[in-house]
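Q: Under the working numbering, the first residue of the sequence shown carries the number -11, and numbering increases by one thereafter.
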Amino acid sequence: MSPITLLAFLVVYFGVLLSVSHFTAKKSSDNATFFVANKNSKWYMVAFGMIGTALSGVTFISVPGAVGLSNFSYFQFVLGNALGFLVIAYVLLPLYYRMNLTSIYTYLEERLGHRSYKTGAMIFLISRTIGSAFRLYLVAIILQKFIFDAWNVPFAVTVAVCLLLIWLYTNKGGLKTIIITDMLQTFFLLLAVILSIFFMADGLGISVFEAFEKVKDSTYSQIFIWENLLGDKNHFWKHMIGGAFVTIAMTGLDQDLMQKNLSMKTIGEAQKNMLTFTGIFVVINLFFLAVGALLYIYVGEKGIDISALRTPDYLYPEIALNNLTLVAGIIFMMGLTAATFATTDSALTALTTSFCIDFLNFNKKENPNDPKLVRSRNIVHLVFSFIMLLVILGFRIINDDSVVTAIFTAASYTYGPLLGLFAFGILTKMQVNDKLVPFFCVLSPVLLFLLNTYYIIPHTTYRIGFELIMYNALITALLLALTSPGKMSLEKQASLR
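1) Should L468 and F412 be called a contact, given that it needs their Cβ atoms to be closer than 8 Å?
2) If we cut at 8 Å on Cβ distances, does V270 have a partner in chain B?
3) Check this for me: beta carbons of I182 and F275, under 8 Å apart or not?
4) If you draw a straight line from the alpha carbon of F233 to that of L439, how long is it in whole angstroms?
5) Just to check my reading of the structure: Y32 and T331 have Cβ atoms closer than 8 Å, yes? What is that Cβ distance to the nearest angstrom?
6) Could you tell me the distance, in whole angstroms, from the CA atom of I154 to the CA atom of I386?
7) Can you check the region 248 to 329 for any alpha helix (DSSP H) of at least 4 residues that lies completely inside it and give the ranges in chain order?
8) Are A327 and A316 touching if we call contact CB-CB under 8 Å?
9) Nearest-angstrom Cα distance between Y93 and Y62?
10) Distance, Cα to Cα, M246 vs D301?
11) Take every Cβ of the region 366 to 383, pair it with every Cβ of the region 120 to 137, and state whether three or more of those distances are shorter than 8 Å.
12) Kindly list the residues whose CB is nearer than 6 Å to the CB of I111, restricted to its own chain and excluding five residues on each side of it in sequence; keep chain order.
13) How would you write the range of the alpha helix (DSSP H) that Y441 sits in, first residue to last?
14) With distances taken between CB atoms, is the gap from G68 to M228 smaller than 8 Å?
15) Where does T475 sit, in a helix, a strand or coil, going by DSSP?
16) What's the gap between the Cα of V434 and the Cα of T464?
17) Does M516 come out as helix, strand or coil in the three-state DSSP assignment?
18) Closest to S206 by CA distance: which of I185, N216 and I285 is it?
19) Let me know the secondary structure DSSP gives M418 once reduced to three states.
20) Could you work out which residue in W214, I185, L218 and I213 is closest to R202 when comparing CA atoms only?
21) Does the distance from the C-beta atom of V66 to that of G231 stay below 8 Å?
22) Between F22 and R365, which are expected to be in contact by the criterion C-beta below 8 Å, what is the C-beta distance as a whole number of angstroms?
23) Excluding the 5 residues preceding and the 5 following L462 in the sequence, name in chain order all residues of the same chain whose CB lies nearer than 8 Å to its CB.
24) Counting Cβ pairs, one atom from each stretch, are 3 or more of them under 8 Å apart for the region 100 to 109 and the region 74 to 88?
25) Is P90 helix, strand or coil by DSSP?
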């Protein structure tokens, strides 16, 4: 496919996003608009738009590619995600709304202490920066390969332009703009998945319904794995339990996705949003898996050689851009771009919000919408964009998939202590030794890494899967309990109700 065609599409796409930004931020661009969209978001708009945020560009290309190795077993993890979303809807959201939080980490200061609060916020800033940079990095490689290499554009320029465009359409309206643009990007993402199935079915000379039958009858459609609980990382219970805890930690305790939920007027609307989002999330992941199965079926029936592909992640872009029609290629690029930028724009806004509230104390100012504070927020937003650029270029310099993935995995480890902090605060009435909390939040992932590296139960075949984050939280909570100075006073317990 011609790079100029794909570039033209990207220009039009960003033009639409910038236009949306102009109209949404025209009336108001203060901090209340940026942080919580003036608490006036419609739940159904947030529910639909959150799909684009939850399904990053990595998911867009990795989930279909992984079907060749693990069939539909990933859907077990998705079911665990759904369970986690229910916990968020009925445990965490009521807590956040009762305390009227803008940054969810403010809870840690009220319940555990100042250092616990700063530690939790810092965990989010580091983990989300590395995680979002990693996701954008992987997709930027594809954009570079299929578009910008044709004109010898440096990779740094490609990433810098992407981040600049994101900053341009989010810097004024913030969350208010993102709720609208995420709806648009989710629509493009869903359209890309559905049309990909149509184009592959057409290429195979069958109808869409016949394509689904073909997927159903193939070996790829196996979902549940019940054998070898100890040794198989894809066992049902590991996926189910791990999926639930990963969702609670990386969604429910993540300022990014929770910020959207906190932008609604009432807890009832926020819960409706979360339940609707959960249903759409489960269905769309089934579609992603179906795309993956069809990709491998298409490759097999067309006799396409994919042995030269560096990783299974390249299968979807390779087939869409080089083996299907021009329209199919544009549709794929549309979906990939939508998934990537819906995640990145939301992350930059959440990082800015957390830093402004948790470290610059905007919420304690007499007038949070003071023009000086608005300027400060704009600078913070720009700085985080620059930091993300540096992290992505760092990944590029390393240029080693195993090392880069290890860095991303290390960032994921840090959500375990965050889960441990919140779980300890919500489920117990004990105080913590606040001075030791930062140390425990470093020690816990290190201990778990050593256990995971050298096997958690010696002389057995047990291998840790997605349930890793649960063990991480348990270690953190255990350390907090062992050093606890005792129960909270009755007065403090009453203040938290």
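The beta-carbon is built from N, C-alpha and C at its ideal position, and this holds for glycine as well. All values derive from a computational prediction rather than experimental measurement.
A: A quick look at the data gives this:
1) yes
2) Looking at the structure shown, chain B is missing, and only one protein chain is on hand.
3) yes
4) 19 Å
5) Not quite, the Cβ-Cβ distance comes to about 21 Å (not below 8 Å), so this is no contact.
6) 25 Å
7) 255 to 290 and 303 to 310
8) no
9) 31 Å
10) 29 Å
11) yes
12) T402 and L406
13) Note on identity: in this sequence residue 441 is Thr, with Tyr being the wrong assignment. Unbroken alpha helix (DSSP H) run through T441: V425 to T441.
14) yes
15) The sequence shown places Lys at residue 475, not Thr. Residue state, collapsed to three classes: strand.
16) 11 Å
17) One cannot answer for residue 516 here, as it falls past the ends of the chain, which runs -11 to 485.
18) I285
19) strand
20) Here residue 202 is Lys; the residue named in the question, Arg, does not match the sequence. Closest by alpha carbon: I185.
21) yes
22) 6 Å
23) G408
24) no
25) It is Thr, not Pro, that sits at residue 90 in the sequence shown. In the structure shown, T90 sits in coil (DSSP, three-state: anything other than H, G, I, E or B).
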